[in-house]
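A short worksheet on the structure shown next.
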Ligand SMILES: Cc1cc2nc3c(=O)[nH]c(=O)nc-3n(C[C@H](O)[C@H](O)[C@H](O)COP(=O)(O)OP(=O)(O)OC[C@H]3O[C@@H](n4cnc5c(N)ncnc54)[C@H](O)[C@@H]3O)c2cc1C
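Pasting the structure below:
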């Protein structure tokens, strides 16, 4: 019997786990090597005193992408983890009030009608456009690799281009429909999920409003970490060998091909390598200069997505004013975006997100306790000392206690801050960016770093740096794109 060809996947984030499973299904003998002791990458969990914190993603969006992924293996998602639709999807706070966004779109329309005259009808029209774009994006745009710009601008995309609003900014597009800041903020906040600001994200990404308001916000029982363990079980059932605590130190290239992956522990011979680790790090640190597709200058000139200031708290009581997902929007919020993309600084009046997973999942905190984290998007590369972190944590807690009229400082039993230097140390993230490359127009689709190395014949890239980009569902799609490419290229 012919021996299986050997593939090595570098990194055990969602991009690495899904790629490893797909390659194993295509007949490769796969070894996955992960730097950290746990799998999941940015979606790792932190277990402490009965609390389970999702350290990164907490919004489970686009459930169809996950269902399709498992179906591809002849499996059902529910055999790996349970999923609940949240109700409400999320609560939005402003300094002078709050609204709940729920699965009932009629209620959401009524809420928009309180924001401005005919807000309900405007929302209906806006959402019809968002759905239209989403359907086209799913069919024509997301599950594809682009060799060149002409392929990207194919007939359908060009034909539909005007309706897709690829080339205008999201904020000006939203303002064509709505005058109120509240409506605009609800329709634009998700750009932070893509590492962008509403002003520099193409209006194509109004599809995100179809994603949250129509398709809905879900939560896997036990947290996102349940998805990670589900995927690692799937991968192992297909024969993938997973090695954690194995930082890769070098890709050994001979004659234009990677023939081994060197880790701190050993050398793994391979016929194919797929990098899921941060692209900029892998290119600049793991490959000799002559084999790099992109220069240092290229990376320095990119628009980098924010880092995140995260404050994880285990509380000895339940909170009364919050639901599972809570967003606070400062008004106006442009100053905050400017501190991320224009004049890097810690924001004075930040908008922020508060996760409270124990609101409807009793498995993530001891009984009667609350699992909470605060998340503030901040510019990558900021000075990140203990002193700055502590001051910032106090600032956010001050604001939150004022906003909700509820004290939480008195019930903190666990506390951890995570920011720039942790992203850099734990994931080799450029300037401590949480999300890698922002989704600006010139960093979308064909303009993102390629799935295939241009210099090394058997080297590929998956994960959030590559098309379609940032976000858990996007990394699943990227892995499908890259594994299809490998199937074609490496027959
Ligand atoms: C705080 C935060 C909140 C987020 N919230 C959401 C959300 O609610 N919903 C959503 O859909 N998305 C969210 N995202 C985005 C989403 O988490 C990411 O887009 C996605 O998880 C990225 O997966 P990845 O596999 O590309 O990268 P990663 O998860 O970073 O995986 C890369 C892996 O490579 C490993 N690695 C690095 N260097 C080496 C090396 N030398 N050797 C071996 N391994 C190495 C890393 O340790 C890591 O495990 C969030 C991200 C963050 C950071």
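In this note's numbering, the protein residues as written are 218 to 708.
In this text, a Cβ means the ideal position worked out from N, Cα and C, and glycines have one as well.
Handout entry: residue 427 vs residue 351 beta-carbon contact at 8 Å
Key = yes
Exercise for the section: Assess, as a yes-or-no matter, whether the stretch 588 to 602 is touched by the stretch 501 to 519 under the definition of 3 or more beta carbon pairs within less than 8 Å. Expected result: no
Handout entry: Enclosing beta strand (DSSP E) for residue 712 [first to last residue]
Key = There is no way to answer for residue 712, as the model of the chain reaches only from 218 to 708.
Exercise for the section: Using alpha carbons as the reference points, say which of 683, 677 and 671 lies closest to residue 720. Expected result: Missing from the structure shown is residue 720; the chain here goes from 218 to 708 and no further.
Exercise for the section: Consult DSSP for residue 236 and reduce its assignment to one of helix, strand or coil. Expected result: helix
Handout entry: Identified DSSP bridge partners for residue 490
Key = DSSP, once it has assigned bridges, lists 225 and 676 as partnering residue 490.
Practice task
Tell me whether residue 708 is buried or exposed, calling it buried when 16 or more other Cβ atoms sit within 10 Å of its Cβ.
Solution key: exposed
Exercise for the section: Please go through the stretch 614 to 650 and give each complete alpha helix (DSSP H) segment of 4 or more residues, from N-terminal end onward. Expected result: 637 to 644
Handout entry: Rounded Cβ spacing between residue 325 and residue 319 (contact assumed at less than 8 Å)
Key = 7 Å
Practice task
Mind checking who residue 469 pairs with in its DSSP beta bridge?
Solution key: 477.
Exercise for the section: Apply the 10 Å Cβ neighbour rule to residue 219 and answer buried if 16 or more other Cβ atoms are within range, or exposed otherwise. Expected result: Residue 219 counts as exposed, since fewer than 16 other C-beta atoms from the protein chains shown sit within 10 angstroms of its C-beta.
Practice task
Please name the residue or residues paired with residue 692 in a DSSP beta bridge.
Solution key: None, per the DSSP bridge assignment.
Handout entry: Burial state of residue 471 (16 or more Cβ within 10 Å)
Key = exposed
Practice task
Scan the stretch 254 to 278 and note each continuous beta strand (DSSP E) run of 3 residues or more that stays entirely inside, going in chain order.
Solution key: Taking 3 residues as the minimum length, the beta strand (DSSP E) runs contained wholly in the stretch 254 to 278 are 262 to 265 and 268 to 271, in order along the chain.
Exercise for the section: Tell me whether residue 651 is buried or exposed, calling it buried when 16 or more other Cβ atoms sit within 10 Å of its Cβ. Expected result: buried
Practice task
State yes or no: is the C-beta of residue 260 nearer than 7 Å to some heavy atom of ligand 1?
Solution key: yes
Practice task
Let me know if residue 580 comes out buried or exposed under the rule of 16 or more other beta-carbons within 10 Å of its beta-carbon.
Solution key: exposed
Problem - Pairwise C-alpha distance: residue 282 and residue 445 - result: 15 Å
Exercise for the section: Pick out whichever of 226, 407, 643 and 706 has its Cα sitting closest to the Cα of residue 309. Expected result: 407
Exercise for the section: Would you check if there are 3 or more beta carbon pairs closer than 8 Å linking the stretch 478 to 496 to the stretch 550 to 560? Expected result: Two segments are said to touch when three or more pairs of C-beta atoms, one from each, lie closer than 8 Å; by this definition the stretch 478 to 496 does not touch the stretch 550 to 560.
Practice task
Decide if the stretch 632 to 640 is in contact with the stretch 600 to 607; the criterion is three or more beta carbon pairs, one per stretch, under 8 Å apart.
Solution key: yes
Practice task
Alpha carbon to alpha carbon, how far is residue 230 from residue 262? Give it in angstroms, no decimals.
Solution key: If you take the alpha carbons of residue 262 and residue 230, they lie about 12 Å apart.
Practice task
Check whether the Cβ atoms of residue 586 and residue 422 sit closer than 8 Å, and answer yes or no.
Solution key: no
Handout entry: For residue 458: DSSP bridge partner residues
Key = 248.
Problem - Nearest-angstrom Cβ-Cβ length linking residue 194 and residue 420, presumed shorter than 8 Å - result: Outside the shown range of the chain, which is 218 to 708, sits residue 194, and nothing can be said about it.
Practice task
Would you kindly check if the distance between the Cβ of residue 248 and the Cβ of residue 679 is under 8 Å?
Solution key: no
Practice task
Say whether the stretch 570 to 578 touches the stretch 531 to 544, bearing in mind that this needs 3 or more beta-carbon pairs closer than 8 Å, one atom from each stretch.
Solution key: yes
Practice task
On the DSSP bridge assignment, give the partners of residue 525 in chain order.
Solution key: 594
Handout entry: Residue from 616, 466, 629 and 530 with nearest C-alpha to residue 645
Key = 466
Exercise for the section: Within the same chain, show all residues whose beta-carbon is closer than 6 Å to that of residue 272, passing over the 5 residues directly before and after it, in chain order. Expected result: Non-local beta-carbon contacts of residue 272 in its own chain, meaning distances under 6 Å to residues more than five positions away in sequence, involve 261 and 263 in chain order.
Practice task
Out of 363, 304, 287 and 632, point me to the one whose CA is closest to residue 297's CA.
Solution key: 287
Problem - Segments assigned alpha helix (DSSP H), at least 4 residues, entirely inside the stretch 536 to 590 - result: 551 to 558
Problem - Reduced DSSP secondary structure (H/G/I, E/B, other) of residue 664 - result: helix
Problem - Straight-line Cα distance separating residue 253 from residue 480 - result: 12 Å
Exercise for the section: Measure the CB-CB distance between residue 564 and residue 279 and report whether it falls below 8 Å. Expected result: no
Practice task
Give me whichever residues DSSP pairs with residue 320 in a beta bridge.
Solution key: Looking at the DSSP assignment, residue 320 forms no beta bridge with any residue, so it has no partner.
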